[in-house]
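Asker:
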Amino acid sequence: MSAAPLQVAALTDGLSLRRVGRHVVCIGDCDSTNLEAARRVAEAGRGIDGWVIFAERQTAGRGRLGRRWDAPRGSSILMTAIICEPTAVAQRLVLAAAVAVCDAVQDAAHVTAALRWPNDVYVGPRKLAGVLVESTPIAGTERAFLVGIGVNCLQHAAHFAPELSARATSLEIESHEPVDRVAVARQMLTRLDEWVGRIDGAADKTLSEAWLARSGEIGQRIELVRDGVQFRGTVVDLDPSEGLLVQLDGGGRALFDPLTTRRGG
Ligand code: BTN
Numbered sequence: 013m014s015a016a017p018l019q020v021a022a023l024t025d026g027l028s029l030r031r032v033g034r035h036v037v038c039i040g041d042c043d044s045t046n047l048e049a050a051r052r053v054a055e056a057g058r059g060i061d062g063w064v065i066f067a068e069r070q071t072a073g074r075g076r077l078g079r080r081w082d083a084p085r086g087s088s089i090l091m092t093a094i095i096c097e098p099t100a101v102a103q104r105l106v107l108a109a110a111v112a113v114c115d116a117v118q119d120a121a122h123v124t125a126a127l128r129w130p131n132d133v134y135v136g137p138r139k140l141a142g143v144l145v146e147s148t149p150i151a152g153t154e155r156a157f158l159v160g161i162g163v164n165c166l167q168h169a170a171h172f173a174p175e176l177s178a179r180a181t182s183l184e185i186e187s188h189e190p191v192d193r194v195a196v197a198r199q200m201l202t203r204l205d206e207w208v209g210r211i212d213g214a215a216d217k218t219l220s221e222a223w224l225a226r227s228g229e230i231g232q233r234i235e236l237v238r239d240g241v242q243f244r245g246t247v248v249d250l251d252p253s254e255g256l257l258v259q260l261d262g263g264g265r266a267l268f269d270p271l272t273t274r275r276g277g
């Protein structure tokens, strides 16, 4: 993969970002941008709220549910935004990041993606991007949320492991024009800043409505696993703080938290 490394000036010049991206760091290799962000929080504390770390390659990229996230050097957007908040906003950050990815790839590469609960970004049956929100303590009740995002940009089918090739895609595969990784990264900063600006207010439906507008989940059948127990039902709604509302086949409705539930089936 021969893409030029991402550089701070190219990513940020001309952007007016309020919080996310007020300071950007571009590094070459690291274990994981989420781990790198956690180390920087441990050193600097809440002063680095809004910082974003981009890497060219991760040697121990982390996916949800203990999975790995692998990408050839220079192929992808591998980034973590640090958001320090006194309250438990992890669920709303998950939604905000997923909506931001969807908007960014539309704007930068004219690829229309769809969200799959809780935070996967798909084009048709193939996964384009993923979001992993972790957190680390700062002081008192305040935590630094590490909003990790991976977007496949320049990969061709042969770059994916054989077991993933039918289930993974990239902007280069989906787009009808050459993909500019810098343009994707700039849109990621812009859209993440915009949507993270809307995480306040548990009752605010703007975020969940935006998420729903970019997904086809309402009315769909879904299988979910929580604490080893499988649930089947039909998706009814999305609460920005509580999670997915499902009409269960066995009767009654239940809310499913994106941090403790995985899809089954
Ligand atoms: C998923 O499993 O869908 C979530 C994948 C998240 C991957 C990104 S890449 C940048 C950041 N650093 C990591 O180690 N993981 C996230």
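Residues in the sequence shown are numbered from 13 upward in steps of one, following the working numbering.
All C-beta atoms, glycine included, are put in the ideal place defined by N, C-alpha and C.
I need the DSSP call for C42, collapsed to helix, strand or coil.
Answerer: Judged by DSSP in its simplified three-state form, C42 adopts strand.
Asker: Go through the residues and name those whose CB comes closer than 5 Å to any heavy atom of the ligand BTN, in chain order.
Answerer: S44, T45, N46, G73, R74, G75, R76, W81, L90, G142, L144, G160 and G162
Asker: Assuming R244 is part of the beta strand (DSSP E), what are its boundary residues?
Answerer: Note, R244: beta strand (DSSP E), V241 to D251.
Asker: On the three-state DSSP scale, how would you describe V101?
Answerer: coil
Asker: Considering only C-alpha positions, which residue in the set V53, C38 and L224 is nearest to R69?
Answerer: C38
Asker: Determine the direct distance from the alpha carbon of A266 to that of L41, and round the result to whole angstroms.
Answerer: According to the sequence provided, residue 41 is Asp. The question's Leu does not apply to it. Their backbone Cα atoms lie some 42 Å apart in a straight line.
Asker: Bridge partners for R88 per DSSP, in chain order?
Answerer: A small correction: the amino acid at residue 88 is Ser; Arg does not occupy that position in the sequence shown. Answer is N164.
Asker: In whole angstroms, give me the CA-to-CA distance for G142 and D212.
Answerer: 23 Å
Asker: Just how far apart, CA to CA, sit L18 and R274?
Answerer: 33 Å
Asker: Looking at the strands, I want to know which residues DSSP matches up with C96.
Answerer: Beta-bridge partners of C96 (DSSP): A156.
Asker: Please report the straight-line C-alpha distance between R51 and D119, rounded to a whole angstrom.
Answerer: Taking the Cα positions, R51 is about 32 Å away from D119.
Asker: Between the alpha carbons of P98 and P270, how many angstroms are there, rounded?
Answerer: 20 Å
Asker: Note the first and the last residue of the continuous alpha helix (DSSP H) segment covering D205.
Answerer: R193 to V208
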